[in-house]
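Below you'll find the structure, written out as structure tokens, and then a few comments.
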Amino acid sequence: KLVLCDDVAGVSTFGDMPFNPNTREATTACISAFRYRAQIRPSSVENQDYTFKVPGWPGYFSHHAKNLNGQRTQYEIFDYPGRFKDVQHGQDFARYQAEGYRQDAETAACVSNSPKLWPGKRFTLTGHPSETLNREWQVTGSVLEGRQPQAQHGSSGDGTTLSNHLDVIPADRTWRASPLPKPAVDGPQSAIVTGPAGEEIFCDEHGRVRVRFHWDRYCPGNEDSSCWVRVSQAWAGAGFGNLAIPRVGQEVIVDFLNGDPDQPIIMGRTYHQDNRSPGSLPGTKTQMTIRSKTYKGGGFNELKFDDATGNEQVYIHAQKNMDTEVLNNRTTDVKVDHTETIGNNQSITVGLGQTVTVGKENASGHDRTVTVAHDQRNTTGNDRQVTVGHDDTVTVKNDRKTEVMHDRREQVGNDETLVVGNDRKMSVKGKQEQTTTGDHVSLVKGMKSLEVKGDLAQKISGALGLKVQSDIVLESSSRISLKVGGSFVVIHPGGVDIMGPKINLNGGGSAGTPVGVMQPGALEALADNAGDGKDNGSSDGDNGAGSGVGDDQGYSSSGDDEQDNKEKKITSISWSYGEEQTELSDISRHYVDLNLHMHTLNYDIGENVSCDVFYFNPDGTEDSLSVSADVNKNNEAIAMNIFSDISSKIYLYYGD
């Protein structure tokens, strides 16, 4: 049987073995020859190794041999790598190596006639002339030599002999084989990254992968192809660096640390026929590309540098999202043009100030254009200042609302023109003061009403002239007084009092000349010029066209607010033309694309409003048309293209 043991305690004891050099007279088992030898061997072993799982671990262990027999202690063996990755193996390997190096430091060669001594046996030598050798020894080697001359034809008649040549060491030593160098791998090898079926990226928490070497005939090519293999990266730090996991099917270059086949490491990757590089070589030889691949998909992220002369480019492609974080300043300098296209929404948040500068002052072509297809909202948390070096034009195609929570001050250095296409309402809850340093001209084409809840005072430094085409009626519940110097006329419920130094009835004289005022034509010209030649389209009963409008609801001139709040009526009528509802010009000639706008009061949204339109044909004949439309949210009923069924031209003109 074969017995294996790794400690001297496992060696069995044979007993005493006497020393007897006279082998011819020996009739019992003995040692007939015993030669002792001692030599200088390493006195200690120092081992060191490294493991990436505990990089700060010193991995240093030593073992100092005992029973040096007077040998000095400076003979040391240092071994790196020590081929261990933990404390227990480090301690054991140091002791094993020390025992292996010193297994022949103290030995003896002897001869015995007993065949029962073999490796794994211990015996005690007795009767040797050198007393120091009479101790227990352990057999480490045995060669049996037997002779039987009489068995051969023609041999002498010597008897049968047996010699057992033994190699022994002191029994208190553990015998180890001398350490041998570990087999080494000669150079790097190519391999293919493997993983489970259907998996594209297969790694552990350290980014290690498994591979299949091309020479491995029995490798299944799956997740059990090899041990986990570390991957060298371009940069590796504590939470920072470069990380690119080799994917299943890619070809990698595997090297071995210190040539150790048990420590493979991937040092590089390479393309092959089935895994081609980005682009199309050699046509894209000027490009340096970093391109990824969507996990289990066909997309990719990419950073590309093209160094083609005259077409240098840096290209960035994000398959989905792209996030940029700058903890301090960011500066972008574009020497020529900058184009940015956003397919959906954009949100910009500025924590403090923002400055946008377009071009240089008084330089042509340095304009800025902002186009918003739908809504735009601007919110300013504090002050806002807008400075326009030249003209400022704002066009609002629908409603505009401005709300000032506190004071409002507006200063115009030259002229101001305000054109209102329909009604205008102004409400002042406190005082209203108006100062005009020049002339004040007001033209009201319709009715004008003035109601004062308190007193009305007017002071005129010059003359006052009133010219009325019809009657003048002054009514007072108390009295009416006219006073010039010491003369006056008082009208009161009790009668009329006339007082003066002299009262003339039919006494001749003259009524005087009224104060001159601007004629209506001049006032109309001023109003028209204020609109820059654009008619505001409002109506005071005469729409300014060769047509009239009959309203079956009628117009009301009553000043009763309560009645106005209840009565449904058309307040005004205006014209436009085309789908854009463009205002009419001073003299307009249009075909059949006229639109009629009926501005209403007290109608509900969706309620139908109608009116009759009277017009003259080009041949001079008079005609009429009934028009109706539904009221919209702006209290306006719009009838589009009301003359669309009339083949002849319609001529519109301004006049009385």
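If you read the sequence shown in this note's numbering, its first letter stands for residue 1, the second for the next number, and so on.
Glycine residues also receive a C-beta, built at the ideal position from the N, C-alpha and C atoms.
- For Asn258, the secondary structure class from DSSP, reduced to helix, strand or coil, is helix.
- Contact between Thr107 and Asp167 holds: CB atoms are separated by about 6 Å, below the 8 Å threshold.
- Of the candidates His317, Lys633, Glu325, Gly15, the residue whose Cα lies closest to the Cα of Ser292 is His317.
- Contact between Gln250 and Asn222 does not hold, since the beta-carbon distance rounds to 16 Å and is not under 8 Å.
- For His89, the uninterrupted alpha helix (DSSP H) run begins and ends at 87 to 101, by DSSP.
- Cys611: member of the beta strand (DSSP E) spanning 608 to 616, first to last residue.
- In the three-state reduction of the DSSP assignment, Leu133 falls in the helix class.
- Considering only Val248, Met426, Asp604, the residue with the shortest C-alpha distance to Pro196 is Val248.
- With a cutoff of 8 Å on beta-carbon distance, Tyr615 and Asn595 are scored as not near each other.
- Remark: C-beta atoms of Met288 and Phe305 approach each other more closely than 8 Å.
- A Cβ-Cβ distance of about 46 Å is found for the pair Gly15 and Gly59, leaving them out of contact under the 8 Å criterion.
- Where Gly195 is concerned, there is no enclosing beta strand (DSSP E), because DSSP gives it neither an H nor an E.
- Looking at the DSSP output, Ser487 bridges to Val484.
- The DSSP-derived three-state label of Pro149 is helix.
- In the same chain as Cys30, and ignoring 5 residues on each side of it, the C-beta atoms closer than 6 Å to its own belong to Pro18, Asn20, in chain order.
- Here Cys110 is buried, its C-beta having at least 16 other C-beta atoms within 10 Å.
- A direct Cα-to-Cα measurement between Gly298 and Asp337 gives close to 33 Å.
- The DSSP-derived three-state label of Val314 is strand.
- In the structure shown, the three-state DSSP call for Gly10 is helix.
- Under the three-state reduction of DSSP output, Thr126 falls in the strand class.
- Only buried fits Ile642, as 16 or more other CB atoms lie within 10 angstroms of its CB.
- In this structure, DSSP gives Met598 an extended state, which the three-state scheme calls strand.
- Taking C-beta separations shorter than 7 Å and ignoring five residues to either side along the sequence, the partners of Gly279 in its chain run Gln287, Thr289, following chain order.
- Met499 carries a strand assignment under DSSP once its states are collapsed to helix, strand and coil.
- The segment 232 to 244 makes no contact with the segment 179 to 192, as fewer than three CB pairs between them are under 8 Å.
- From the listed residues Lys401, Ala373, Thr402, Val412, the smallest Cα separation to Asp391 is found for Val412.
- One alpha carbon belongs to Asn328, the other to Thr379, and they sit about 25 Å apart.
- By the CB criterion at 8 Å, Leu133 and Asn164 fall outside the cutoff.
- When the alpha-carbon of Gln581 is set against those of Pro81, Asp645, His597, the nearest one is in His597.
- In this structure, Trp228 sits near Arg208, with a CB-CB distance shorter than 8 Å.
- When only Cα atoms are considered, Arg384 and His406 end up about 15 Å apart.
- With respect to the C-alpha of Gly10, the residue from Thr395, Glu200, Gly120 having the closest C-alpha is Gly120.
- The three-state reading of DSSP puts Cys110 in strand, counting E and B together.
- The alpha carbon of Leu625 has as its nearest neighbour, out of Gln48, Arg408, Asp612, Asn67, the alpha carbon of Asp612.
- With respect to the C-alpha of Ala184, the residue from Tyr101, Ala94, Thr331, Pro261 having the closest C-alpha is Pro261.
- When beta bridges are read from the DSSP output, Glu46 appears opposite Ser62, Phe78.
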